[in-house]
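Residue numbers (the working numbering): 1 to 753.
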């Protein structure tokens, strides 16, 4: 078998393979532009080696004198339409280039030079016949002076024909090289923008395979037409064979291993295994025949021992060799195929181990984008405070942009809008074109336009929507397959469970943090409140503070003043937990530093307000009431800064409410606070309380109220301070029952002896 015959065989096989690949890609989705462009490119690529094999066959069939190769050489120029088709392919793969979007008529212009070249090759006469044509026209003879202009014109035209016939192939060879360089540049530019590893691998193999094969082709055919050197015929065969094997091989590899253009070989596993088994059997028979022939030629005998030895080798070694080859095939050709079952199992395990909702969101979107080769994947999670499902989208539309200089904005769909209730009724992945026409709200349509979804998937649990999955179109622009839809359906169940687990876990952590904060706040509050009540010969004093489930900012304090006077303070700071406790601490510190130096409640509260206002922000304020009881003067002076009105009850049942009040503490530094005087009698009882008493609620959400409080106070007017305190406390407990309360319950009772 000579090199020419081997080249002819390789030409035919590679041409057939390229035709087959083009057919498979076209059959996969003939409506898709990229598939049509790729299929035509492969058909043209396959046309070249087939025409080359046909030319070699004609050379072997007869002598060159008997075969006219002029027409065949001109027909061969059809193959050169591959080069503009290659540029067109590079403009749409792996992503459509902005040049094509800006110049939609560019594909037509790409083919104009080669169409002109094809017409020129058929229109130009054979260069060997031009001298005969010159003689036929009589241009070698003298013409009359009158016809000299015509002769000059004909000579010029014939010279142009000679020049075109001699150099047109050189010019178009250079043009083809420029086309190749442009195509590689376009693909390299698109390759740098890719993020998906599988699409990057597809593009890398296709790009470098095309570049390597065309470099060999240019060395064998194009460069010798431009530069003054020749390539030996045998080297031309070798370069062409290598070109075809690399070009067809890399495309086949990209399809089989990386699912180039999502072409799915339904029978590729059994086909590859059958092919490898056939090759193994063929190699065995070839070695057997060669060995048998060698024994016959050396010994001149037809020994059955050779057959026995090879039979034993087949029995012992065939199955292990076949298993080894199949494992290699599995590793090399089939390992990169999407294994959705393993992917789903792995992602399910990873999702269930992620307890942070943001991390879970990133895990699901990133993994799905890689597995499906999707342009974008967004997972919407519910924001209970906004009553909406939200996600974050980069301003440039790239879902995988994480750079700090990229602006990200929130996309939100409200629960009471059109989109969320519509999707909540769905039970499986739906195409966005089936949903979007039903959404008429302008904001929601604009949000869907930013997402550019292809599929929408509701994530529901027991009929309750917990999330929304938006999947963009595939980067390969292929439709979603049955396997893709099955994967998304199965994943939705796993993702729903993972979202619920993460949400419950975060709620548990939040509750633990709140509990810890409340414990700290309770401890601070306990340490700040008086540990024991003052022992006064003039007053009977009792107090109680019962923290609620949410620790409030209730406070009370006593100040023993000269001449037996007693200062009583009660207040309620804004805020719960530790922030409220800190504000309480600051307020009591300022109060204790000020109250011991003054008998005037107005002055004390005014100074307290000024310092708290300067030291805190406006949202940190407090209600506060301070009273100074003077037994020597039988009077009570008080200043109230927005607190619940204290109540005085006399022995005859008369109730007096201290209903004069000023601005709360901590809002306005220059606020004025006034002092009010109430006369006291022996046996009078003054009740200071917080809103945890009057606003305590029962199971019917009814408040205890001031009227009930006044009745209880009036009924206990003869009780001791502790007795009256207990009477009020028991009345509140009986009214509220088992209903948890949101505010602390604080009572201070002072009775004049």
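All residues carry an ideal CB built from backbone N, CA and C; glycine is no exception.
Item, Value
"With C-beta atoms as the reference, is residue 641 less than 9 Å away from residue 656?", "no"
"Specify the secondary structure class of residue 659 as computed by DSSP and reduced to three states.", "coil"
"If I follow the unbroken alpha helix (DSSP H) through residue 524, where does it start and stop?", "482 to 528"
"What separation, rounded to the nearest whole angstrom, lies between the Cα atoms of residue 464 and residue 40?", "50 Å"
"Can you give the Cα-Cα distance for residue 518 and residue 190, rounded to whole angstroms?", "57 Å"
"Using DSSP's beta-bridge definition, name the partner residues of residue 48.", "Note: residue 48 sits in no beta bridge, so no partner."
"Taking three-plus beta-carbon pairs below 8 Å as touching, is the region 691 to 710 in contact with the region 518 to 529?", "no"
"Taking 9 Å as the threshold (C-beta atoms), are residue 207 and residue 184 in contact?", "yes"
"What is the residue span of the beta strand (DSSP E) that residue 459 lies within?", "453 to 461"
"Is it right to say residue 176 is buried, meaning 16 or more other beta carbons lie within 10 angstroms of its own, or is it exposed?", "buried"
"Assign residue 472 to buried or exposed, taking buried as 16 or more other Cβ atoms, counted over all protein chains shown, within 10 Å of its Cβ.", "buried"
"Using a Cβ distance threshold of 8 Å, determine whether the region 631 to 638 contacts the region 674 to 688, with at least three qualifying pairs required.", "yes"
"Taking Cβ positions, are residue 55 and residue 14 nearer each other than 9 Å?", "no"
"For residue 743, is the classification buried or exposed, using 16 other Cβ atoms within 10 angstroms of its Cβ as the cut-off for buried?", "buried"
"Locate the beta strand (DSSP E) running through residue 755, then write down its first and last residues.", "Only positions 1 to 753 of the chain appear in this structure, which leaves residue 755 out of reach."
"For the beta strand (DSSP E) that residue 599 lies in, which residues bound it at each end?", "Taken as a continuous stretch (DSSP letters only), residue 599 belongs to no beta strand (DSSP E), as it is neither H nor E."
"Looking at C-beta atoms only, is the number of pairs between the region 236 to 248 and the region 204 to 223 that lie closer than 8 Å three or more?", "yes"
"Report yes if the C-beta distance between residue 570 and residue 380 is below 9 Å; otherwise report no.", "no"
"Near residue 741, what residues of its chain come up, given a Cβ to Cβ distance below 8 Å and the 5 sequence neighbours on each side ignored?", "548, 549, 692, 696 and 697"
"Does residue 692 come out as helix, strand or coil in the three-state DSSP assignment?", "helix"
"The beta strand (DSSP E) that contains residue 627, what's its start and end?", "622 to 630"
"At the level of alpha carbons, what is the spacing between residue 530 and residue 555?", "9 Å"
"Is it right to say residue 114 is buried, meaning 16 or more other beta carbons lie within 10 angstroms of its own, or is it exposed?", "buried"
"Out of 37, 44, 52 and 28, which has the shortest C-alpha to C-alpha gap to residue 4?", "52"
"With contact counted as at least three CB pairs below 8 Å, one residue from each stretch, are the region 727 to 741 and the region 658 to 674 in contact?", "no"
"Going by beta-carbon coordinates alone, are residue 357 and residue 351 separated by less than 9 Å?", "no"
"Since residue 640 sits in a beta bridge, which residues does DSSP pair it with?", "625"
"If you measure from the CB of residue 704, is any heavy atom of the ligand MG nearer than 8 Å?", "In the structure on display, the ligand MG does not appear, and there are no ligands present to speak of."
"Among 432, 57, 32 and 522, whose alpha-carbon lies nearest the alpha-carbon of residue 8?", "57"
"From the DSSP output, read off the bridge partner residues of residue 554.", "572"
"Any contact between the region 73 to 86 and the region 101 to 114? By contact I mean 3 or more CB pairs, one from each, below 8 Å.", "yes"
"Drop a sphere of 10 angstroms on the beta-carbon of residue 93, count the other beta-carbons inside from all chains shown, and report buried for 16 or more, exposed for fewer.", "buried"
"What is the DSSP secondary structure of residue 474, reduced to helix, strand or coil?", "strand"
"Using a 10 Å radius around the Cβ and a threshold of 16 neighbouring Cβ atoms, would you call residue 746 buried or exposed?", "buried"
"Taking the straight line between their C-alpha atoms, what separation do you get for residue 544 and residue 671?", "31 Å"
"Would you tell me roughly how many angstroms separate the C-alpha atoms of residue 120 and residue 97, rounded to the nearest one?", "32 Å"
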